[in-house]
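One structure is given here, and the rest of the page talks about it.
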Amino acid sequence: MTAPPLSASPALGPLLARGALLSPFKRPRPGAAFSGGRLVLPGLRVDLARLAAYERVCGFPTGDDALPITYPHVLGFPLAMRIMSGRAFPLPLLGLVHTSISLTRHRPLPATGTTYELAVHVDRLVPHRRGTEAVVVTELREAGEVVWESESRYLARHRTDGEVLEPAPGSGEPPLPVVDEWRLGADIGRRYGAVSGDRNPIHLSPLTARLFGFPRAIAHGMWTAARCLAAHGIPAAAHVAVDFRAAVLLPGTVAFAAQGGRFELRGTGGDGERVHVRGRVG
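Take 5 as the starting number for the sequence shown in my numbering and just add one per residue.
What follows is the structure in structure tokens.
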């Protein structure tokens with residue numbers, strides 16, 4: 005079921021606040037189901053100033069008349085939050101963990117002279133060995149044609165009825181050579197939050213991150229994905245799959261490793277074996 009078209013993108017702040025207030029009253033459990041409809045935002049034009057700021061924060065080149073492959077996720081994120089912060093959504097918004105995303109860009113996406121339509125829906129809830137995942141599908145259309153689409157998974161942790169076997173992404177493959185090391189400043193979460201609108205407290209400061217069990221602020225998963233893809237390079241038409249394996253603490257130093265279509269973001273020094281992000285471009 006599709007709700008009436010939106011006239012503007014929802015403001016993220018009130019949605020995050022509503023989700024936080026409702027979270028204590030939600031008790032995730034095995035077998036939960038949800039059919040929350042589909043949100044559509046027609047007549048979408050890209051804000052070029054916001055796009056340029058996003059490109060600078062994530063390391064994409066600026067000035068090209070094309071959207072980075074990760075940018076439509078930023079445009080669709082408020083619609084996803086409107087669904088997942090609602091009273092009918094059975095998983096608590098607080099504590100949801102973005103575990104993976106797959107992105108498909110069917111052709112270049114012009115930033116100017118084009119009007120897009122965004123559509124977002126929660127496709128299904130699926131069991132996970134640590135709880136339940138919500139599968140969120142986002143589509144970007146131009147003149148009725150799907151030109152970009154994604155599938156994100158968000159995990160709510162809870163007790164499960166039994167073990168769900170999941171293959172370890174990248175297991176059995178040879179290690180990737182390190183291409184570069186990045187020193188990440190303590191302000192990355194605040195800078196990315198300003199351009200994406202995602203001002204989750206775990207990303208903003210050590211004080212607010214400690215309230216949720218983190219010793220320091222952590223980088224947004226989608227910032228780490230975008231930074232890796234900016235360094236790796238992406239064909240005009242591409243499919244990308246990214247798994248978020250472990251939080252990146254800020255400030256910190258990480259190693260970017262890549263070969264062929266595969267890439268990883270790993271720890272350095274004593275944390276050198278820890279994989280934070282693993283992905284593949286095809």
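Just so it is clear, CB atoms sit at the ideal spot from N, CA and C, and this is done for glycine as well.
Model, not experiment: these values are computed from the prediction.
Residue(s) in a DSSP beta bridge with residue i
i           : result
residue 120 : 48
residue 102 : 158
residue 42  : 6 and 125
residue 271 : 258
residue 4   : With the chain covering 5 to 286 only, the question about residue 4 has no answer from this structure.
residue 253 : 222
residue 53  : Note: residue 53 sits in no beta bridge, so no partner.
residue 150 : 145
residue 109 : 152 and 242
residue 130 : 137
Residue span of the alpha helix (DSSP H) that contains residue i, given as start and end
i           : result
residue 200 : 192 to 200
residue 77  : 75 to 88
residue 212 : 210 to 214
residue 114 : That residue, residue 114, is in no alpha helix (DSSP H); it is neither H nor E in DSSP.
residue 265 : Here residue 265 belongs to no alpha helix (DSSP H), and DSSP marks it neither H nor E.
Counted within 10 angstroms of its Cβ, other Cβ atoms place residue i as buried (16 or more) or exposed
i           : result
residue 130 : exposed
residue 136 : buried
residue 178 : exposed
residue 143 : buried
residue 52  : exposed
residue 230 : buried
residue 25  : exposed
Backbone CA spacing between residue i and residue j [nearest angstrom]
i           : j           : result
residue 107 : residue 77  : 9 Å
residue 238 : residue 47  : 27 Å
residue 281 : residue 37  : 29 Å
residue 250 : residue 95  : 21 Å
residue 186 : residue 156 : 26 Å
residue 11  : residue 45  : 7 Å
residue 49  : residue 116 : 8 Å
residue 121 : residue 149 : 10 Å
residue 183 : residue 110 : 28 Å
residue 153 : residue 146 : 12 Å
Run of the beta strand (DSSP E) containing residue i, from where it starts to where it stops
i           : result
residue 187 : 182 to 188
residue 144 : 135 to 146
residue 236 : Note, residue 236: premise wrong, no beta strand (DSSP E); alpha helix (DSSP H) at 225 to 236.
residue 283 : 279 to 285
Within 8 Å, strictly: CB atoms of residue i and residue j
i           : j           : result
residue 97  : residue 89  : yes
residue 70  : residue 113 : yes
residue 233 : residue 74  : yes
residue 248 : residue 102 : yes
residue 141 : residue 125 : yes
residue 28  : residue 160 : no
residue 261 : residue 180 : yes
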